[in-house]
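> Quick note, the sequence shown lines up with residues 1 to 651 if you use the UniProt record's numbering.
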Amino acid sequence: RFVTSKEQFHAYLRANGENGGGKEEEEEQKEKEDSSEPPAKRGRLDDHGQDGESPGEAQGESQEEKEKEPVERRRARGQNKSRPCMKPGCYEGSRLCPSVTQGCAEKCYFGPRCRFLHDVGEYMATKPPDLGPSCVLFRTFGKCAYGVTCRFATAHLGDGYQNIVDAELAKQWEGKALVRNNLSKDLQQQLRKKRFPFRKADGYLRGLAKPRSGGGKGGKALGHSAEDQEVSNCTTPEDGLGDTSECPVPPEEGGDPKPAPLQSAEPTESEGGCPIKTSGVVTDEDVVKLRSCEKKKLEIQGKLYLAPLTTCGNLPFRRICKRFGADVTCGEMAVCTNLLQGQSSEWALLKRHHTEDVFGVQLEGAFPDTMTKCAELLNQTIDVDFVDINVGCPIDLVYKKGGGCALMTRSNKFEQIVRGMNSVLDVPLTVKIRTGVQEKINVAHKMIPKIREWGASMVTLHGRSREQRYTRVADWDYIAECAKIASPMPLFGNGDILSYEDANQAMQTGVSGIMIARQVTAGALIKPWLFTEIKEQRHWDISSSERFEILRDFTSYGLEHWGSDTQGVEKTRKFLLEWLSFLCRYIPVGLLEHLPQKINERPPYYIGRDYLETLMASQNVDDWIKISELLLGPVPTNFTFLPKHKANSYR
Numbered sequence: 001r002f003v004t005s006k007e008q009f010h011a012y013l014r015a016n017g018e019n020g021g022g023k024e025e026e027e028e029q030k031e032k033e034d035s036s037e038p039p040a041k042r043g044r045l046d047d048h049g050q051d052g053e054s055p056g057e058a059q060g061e062s063q064e065e066k067e068k069e070p071v072e073r074r075r076a077r078g079q080n081k082s083r084p085c086m087k088p089g090c091y092e093g094s095r096l097c098p099s100v101t102q103g104c105a106e107k108c109y110f111g112p113r114c115r116f117l118h119d120v121g122e123y124m125a126t127k128p129p130d131l132g133p134s135c136v137l138f139r140t141f142g143k144c145a146y147g148v149t150c151r152f153a154t155a156h157l158g159d160g161y162q163n164i165v166d167a168e169l170a171k172q173w174e175g176k177a178l179v180r181n182n183l184s185k186d187l188q189q190q191l192r193k194k195r196f197p198f199r200k201a202d203g204y205l206r207g208l209a210k211p212r213s214g215g216g217k218g219g220k221a222l223g224h225s226a227e228d229q230e231v232s233n234c235t236t237p238e239d240g241l242g243d244t245s246e247c248p249v250p251p252e253e254g255g256d257p258k259p260a261p262l263q264s265a266e267p268t269e270s271e272g273g274c275p276i277k278t279s280g281v282v283t284d285e286d287v288v289k290l291r292s293c294e295k296k297k298l299e300i301q302g303k304l305y306l307a308p309l310t311t312c313g314n315l316p317f318r319r320i321c322k323r324f325g326a327d328v329t330c331g332e333m334a335v336c337t338n339l340l341q342g343q344s345s346e347w348a349l350l351k352r353h354h355t356e357d358v359f360g361v362q363l364e365g366a367f368p369d370t371m372t373k374c375a376e377l378l379n380q381t382i383d384v385d386f387v388d389i390n391v392g393c394p395i396d397l398v399y400k401k402g403g404g405c406a407l408m409t410r411s412n413k414f415e416q417i418v419r420g421m422n423s424v425l426d427v428p429l430t431v432k433i434r435t436g437v438q439e440k441i442n443v444a445h446k447m448i449p450k451i452r453e454w455g456a457s458m459v460t461l462h463g464r465s466r467e468q469r470y471t472r473v474a475d476w477d478y479i480a481e482c483a484k485i486a487s488p489m490p491l492f493g494n495g496d497i498l499s500y501e502d503a504n505q506a507m508q509t510g511v512s513g514i515m516i517a518r519q520v521t522a523g524a525l526i527k528p529w530l531f532t533e534i535k536e537q538r539h540w541d542i543s544s545s546e547r548f549e550i551l552r553d554f555t556s557y558g559l560e561h562w563g564s565d566t567q568g569v570e571k572t573r574k575f576l577l578e579w580l581s582f583l584c585r586y587i588p589v590g591l592l593e594h595l596p597q598k599i600n601e602r603p604p605y606y607i608g609r610d611y612l613e614t615l616m617a618s619q620n621v622d623d624w625i626k627i628s629e630l631l632l633g634p635v636p637t638n639f640t641f642l643p644k645h646k647a648n649s650y651r
C-alpha cells in the first residue's frame, strides 16, 4: 500500500505531507522531471545526471546546439568530476581576523598585510543571522572558541560582544585531549623543509639499492635478502643483540666478508651513510631491533570493523558508528606523499577521537620509499593501533599511478612496501586487497600466502575485482577459500553486509571477522545502526524521528570537529549532504515485503509512514538540502551541491 508513482511521490513532498498534488500538478511534475530519472530506473542519465544524454535529447538536439554546450557541463558527466565547489569566500565576504576571535588582536599573525576585519562592530553588521539559540560547544565544554564568529553566538555573548565562559564546566574538560593525532606547526615545518629524520627507512632503502654479487641491484632480487631479514627479526635475544634499527638486510652468504654499511650502529659518510646524532643516554631500545614476535598483537578476531570510507568516513561519522557498536574504526585513506609534504588537509584524516579504542589509519602509495618513510613518520608522531595498506582502491587516479589495486600486479614493489613498512613500524601492519584486477581472474589466493610471509598481521579481502568496482554481488565462496589459505593469519571478509543474516552467513565461511563498508551502496553508510542489529541479532524498525536524531547528533559532532563559525557550519553541511546521498537508499523494515533488504535491490517509489520518512527516501538533491536546513538553518545564497560519489542523485 506504500508503493506510488514518481509524480505522486514528488507531489506529496511539495505539499509537505498533505493530501495535495492533484492531477494537474502530477502532469506538470512529469514534464519537469521527464529527463531526471534516477539511474537505477533508467539506462542512461540526463544532462544533469552526469552520465550522458537522454534519448529524447539526443534526437531533438541539433549539432549546432551540441557545439554550443558549455565545457563545464560536458566535464561534469561520468564520475562527477569538476563538480561545483563553494569556497569560504562565497558565503562569507568579510571575515574576522582569528587574532581578534582569540582575544589577542594586538598580536595579529599576518601583521600589516592582514586582509581580515579587526573591527568587531563592523563584522557584526555584516554577519549572517544566528542559526539557533544554543551552541553545542558552549553547552558541552563551557566555552566556545569561535566567539563572535559562532553562528550560535547568542548563547554565549555578553555585553560588548564579550565571550561568556562557564568556568565550572570548562574546568572539567581542562587538560583533556578529546582528539589526538593533530599536526603540530613544528612537525609541519620539518616536513616542508625536508628535515625530518627517517633513519630506519633510509637504512632499509639503502639495503634495496645495495649492489648484489650477481651484478644486479638489491631491489631486483629483494626476495632472498628480505627473507633473510625476516629470519633475523625472529632470532633469539642473544643472537639479535647485534642487530640495529638501521640493519634490515644482513650480509649474504658467500659475499664480501667486509661488513656492509648498514651493519654498523652509526654509519659514517665515507661508508655511504649519514652520521646519526644522538641526544641523551643510548638505551637498549635505541640499539636492539624490535623483533616481529615482540610487536603489539592485533586482537580483533570476531569484532565488527568499520572500513575506511573516503569522504564519508570522517570523525563525526565514526563517532556515530562507535555509538551503535562498531568495535574497530579506521581513518579515511590518506595519500602517503601528501602526508610527507605536511599537508594539513591530509593529516586531518588521521585524527582520532578519544572514544575510538581500537583505531587504525590507511595509507595509499605506489613506491617503497614514500610508503616506508610515511610509516616511520606515523610510527613516531601519532597514536594508532595498526596501519593498513590500501591495495583495493579501484579508481583510475590511484590505479594509473601504480597504487591501490595496481600493486596486486606489481608484486616486487608490493613486497618491498610491505617488508619496508613492517620493518619500521612498532604496531601491526594490515593489508586490504580485492579478488584481483580483472573480473574473472582471481589472484588473491596467490597473494595471501606471500603477504603472510612478508610480515603482515592481517588481510582484509573485498569479494570483488577492480573491474567490478562496487557492482554485482561479492564472491563469498572465494573469500571462504582464501580464509583457509590465509590461516593462521586472520582474514576479514568484506562485501554486501546489510543485515545480521548477512553477517551470520559471512561468519560461517570461516573468516576471522567482517568489515562493514561501502559495497554497492554502503552498508554502514545506509544504516549505521547495522552494528547494533548484528550484535542484538534483530531487525530494527527504526522510526524517522530516531533517524533524524542521528542526523542531529552528526551535526553536533560536526560542529565540534569543524567549528561552529560559518566555515565550520558549511563544512558540516557538505559532509551531511554527502552522507544523505547514501542514507536515502534505506528502506524502512516496516515497509518491506520480505526481510532482509538486499544491498543491491532498488525499490520502486514509495510513500513512507509519515512525511519525514518520505522526505528521507527522496533521491532528489533539493530534498537533501531541505533536510540540512532543518538542522543547520538556511543555505547561503547561490548554494549548489553535487555528491562526490555519484550515487543515485538527480535534479
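By construction, the Cβ of each residue, glycine as well, lies at the ideal position given by its N, Cα and C atoms.
#1: DSSP has A305 in a bridge; who is on the other side?
#2: Any idea what DSSP makes of D256, helix, strand or coil?
#3: For L615 and P316, what's the separation of their Cα atoms in angstroms?
#4: Between S5 and Y586, which are expected to be in contact by the criterion C-beta below 8 Å, what is the C-beta distance as a whole number of angstroms?
#5: May I ask you to report which of helix, strand or coil DSSP gives E27?
#6: For A334, which of helix, strand or coil comes out of DSSP?
#7: Could you give the residue range of the alpha helix (DSSP H) that holds T460?
#8: Just to confirm, are L580 and I627 a CB contact at a threshold of 8 Å?
#9: So T572 packs on T555, CB below 8 Å; how close in whole Å?
#10: Identify the continuous alpha helix (DSSP H) that holds D396 and give its terminal residues.
#11: Please find out if some non-hydrogen atom of the ligand MG comes closer than 7 Å to the beta-carbon of L632.
#12: Given a threshold of 16 other Cβ atoms within 10 Å of its Cβ, counted over all protein chains shown, does P129 qualify as buried or as exposed?
#13: Applying the 10 Å Cβ sphere with the 16-neighbour rule, what's the burial state of Q162?
#14: Could you say which of K484, E439 and R180 lies nearest to L349 if we only look at CA atoms?
#15: Put G493 into one of helix, strand or coil per three-state DSSP.
#16: Am I right that F531 and L304 are in contact with their C-beta atoms under 8 Å? What's the rounded C-beta distance?
#17: In this structure, what does DSSP give as the bridge partners for D388?
#18: Please name the residue or residues paired with Y123 in a DSSP beta bridge.
#19: So, residue 656 versus V437, is the Cβ gap smaller than 8 Å?
#20: Would you say E629 and V621 are within 8 Å of each other, going by their C-beta atoms?
#21: Under a Cβ-count criterion, where at least 16 other Cβ atoms within 10 Å of its own Cβ denotes burial, should N494 be classed as buried or exposed?
#22: Considering just the uninterrupted stretch of the alpha helix (DSSP H) at A11, what are its terminal residues?
#23: Round the Cβ separation of C336 and T381 to the nearest angstrom and send it over; I've been treating them as touching at under 8 Å.
#24: I'd like the list of long-range same chain contacts for F641, defined as Cβ closer than 7 Å, with 5 residues on each side in sequence excluded.
#25: How far does the alpha helix (DSSP H) with R199 in it reach, from first residue to last?
#26: My assumption, with CB atoms under 8 Å, is that L491 sits in contact with S457. Please give the rounded CB distance.
#27: Could you give the residue range of the alpha helix (DSSP H) that holds residue 723?
#28: Relative to the C-alpha of D475, which residue among S499, H445, D426 and K450 is closest?
#29: Check the DSSP bridge columns for N163 and list the partner residues they point to.
#30: Determine which residues share a DSSP beta bridge with Y606 and list them.
#31: So, does the segment 143-156 touch the segment 92-105, judging by three or more C-beta pairs under 8 Å?
#32: Exposed or buried, what is H354 when buried is set at 16 or more other beta-carbons lying within 10 Å of its beta-carbon?
#33: Thinking H539 and L595 are a contact (beta carbons under 8 Å), I'd like their distance in whole angstroms, please.
#34: Am I right that A506 and I514 are in contact with their C-beta atoms under 8 Å? What's the rounded C-beta distance?
#35: Return helix, strand or coil for L378, following the three-state DSSP convention.
#36: Residue range of the alpha helix (DSSP H) that Y557 falls in?
Working from what's here:
#1: The residue labelled residue 305 in the question sits at position 305 within the sequence shown. Per the sequence presented here, residue 305 reads as Tyr, with Ala not at that position. Paired residue(s): V328 and M515.
#2: Walking along the sequence shown from the start, residue 256 turns up at place 256. Low confidence applies to D256: its pLDDT is 38, below 50, so where it sits in the model is not reliable enough to give any reading.
#3: Looking up residue 615 in the sequence shown gives position 615. Looking up residue 316 in the sequence shown gives position 316. Their Cα atoms are separated by approximately 23 Å.
#4: As a first step, residue 5 is located in the sequence shown; it is residue number 5 there, counting from the start. As a first step, residue 586 is located in the sequence shown; it is residue number 586 there, counting from the start. Rounded, the Cβ-Cβ distance is 21 Å, inconsistent with contact.
#5: Position 27 of the sequence shown, counted from the start, is the residue given in the question as residue 27. The predicted model places E27 with a pLDDT of 46, which falls under 50 and marks its position as unreliable; any figure quoted below should be read in that light. Three-state result, E27: helix.
#6: As a working note, residue 334 is residue 334 in the sequence shown. Looking at A334 - three-state DSSP - the assignment turns out to be strand.
#7: Here residue 460 is taken as the residue at index 460 of the sequence shown, counted from 1. Residue range M458 to H462 is occupied by the beta strand (DSSP E) that includes T460, with no alpha helix (DSSP H) assigned at that position.
#8: Locating residue 580 in the sequence shown gives position 580, where the first residue counts as 1. Locating residue 627 in the sequence shown gives position 627, where the first residue counts as 1. Going by C-beta atoms, L580 is nearer than 8 Å to I627.
#9: The residue you call residue 572 lines up with position 572 of the sequence shown. The residue you call residue 555 lines up with position 555 of the sequence shown. Taking a contact as a CB-CB distance under 8 Å, the pair T572 and T555 counts as one, their CB atoms being some 6 Å apart.
#10: Taking the sequence shown and counting its residues from 1, the one referred to as residue 396 is at position 396. First-last of the alpha helix (DSSP H) with D396: D396 to Y399.
#11: This structure simply doesn't include the ligand MG, nor any ligand for that matter.
#12: Along the sequence shown, read from residue 1 onward, the residue named residue 129 stands at position 129. Exposed is the call here.
#13: Working through the sequence shown from its first residue, we reach residue 162 at position 162. Flag for Q162 reads exposed.
#14: As a working mapping, residue 349 is identified with position 349 in the sequence shown. Minimum Cα-Cα distance from L349 among the listed residues K484, E439 and R180 corresponds to R180.
#15: By one-based count along the sequence shown, residue 493 stands at place 493. Reduced to three states, the DSSP call for G493 is strand.
#16: Residue numbering aside, residue 531 sits at position 531 when the sequence shown is read from its first letter. Residue numbering aside, residue 304 sits at position 304 when the sequence shown is read from its first letter. Taking the Cβ atoms as the reference, F531 lies roughly 5 Å from L304, within the contact range of under 8 Å.
#17: In the sequence shown, counting from the first residue as 1, residue 388 sits at position 388. In the DSSP secondary-structure assignment, D388 is bridged to Q362 and T430.
#18: Position 123 of the sequence shown, counted from the first residue, corresponds to residue 123. Looking at the DSSP output, Y123 shares a beta bridge with no other residue.
#19: For the chain, the structure presents residues 1 to 651; residue 656 sits outside this window and is missing.
#20: The residue given as residue 629 occupies position 629 in the sequence shown. The residue given as residue 621 occupies position 621 in the sequence shown. It is not a contact, given that the beta carbons lie outside the stated cut-off.
#21: For the purposes of this step, residue 494 is taken as residue 494 along the sequence shown, with counting starting at 1. Answer is buried; the Cβ neighbour count reaches 16.
#22: Counted from its first residue, the sequence shown places residue 11 at position 11. Here the alpha helix (DSSP H) through A11 covers K6 to R14.
#23: Along the sequence shown, read from residue 1 onward, the residue named residue 336 stands at position 336. Along the sequence shown, read from residue 1 onward, the residue named residue 381 stands at position 381. Contact between C336 and T381 fails: their C-beta atoms lie close to 14 Å from each other, not under 8 Å.
#24: To locate residue 641, count along the sequence shown from 1; it is residue 641. Excluding sequence neighbours, F641 sits near L577, V621 and I625.
#25: As a first step, residue 199 must be located in the sequence shown, where it is residue number 199. Where R199 is concerned, the enclosing alpha helix (DSSP H) starts and stops at R199 to A209.
#26: Against the sequence shown, residue 491 aligns to sequence position 491. Against the sequence shown, residue 457 aligns to sequence position 457. Contact between L491 and S457 fails: their C-beta atoms lie close to 11 Å from each other, not under 8 Å.
#27: Outside the shown range of the chain, which is 1 to 651, sits residue 723, and nothing can be said about it.
#28: As a first step, residue 475 must be located in the sequence shown, where it is residue number 475. Nearest C-alpha to D475: H445.
#29: As a first step, residue 163 is located in the sequence shown; it is residue number 163 there, counting from the start. DSSP output for N163 lists L157 as bridge partner(s).
#30: On the sequence shown, position 606 is the one that residue 606 refers to. Paired residue(s): V3.
#31: Contact check between the segment 143-156 and the segment 92-105: three or more CB pairs, one atom from each, fall below 8 Å, which counts as touching.
#32: For the purposes of this step, residue 354 is taken as the residue at position 354 of the sequence shown. By the neighbour-count rule (16 or more Cβ atoms within 10 Å), H354 is not buried but exposed.
#33: Reading the sequence shown from its first residue, position 539 is the one you call residue 539. Reading the sequence shown from its first residue, position 595 is the one you call residue 595. Between H539 and L595 the beta-carbon gap is near 6 Å, inside 8 Å, which marks them as a contact.
#34: Position 506 of the sequence shown holds residue 506. Position 514 of the sequence shown holds residue 514. The Cβ separation is near 5 Å, so the contact holds.
#35: Looking up residue 378 in the sequence shown gives position 378. If DSSP states are grouped into helix, strand and coil, L378 belongs with the helices.
#36: One-based indexing of the sequence shown puts residue 557 at position 557. Where Y557 is concerned, the enclosing alpha helix (DSSP H) stretches over S544 to W562.
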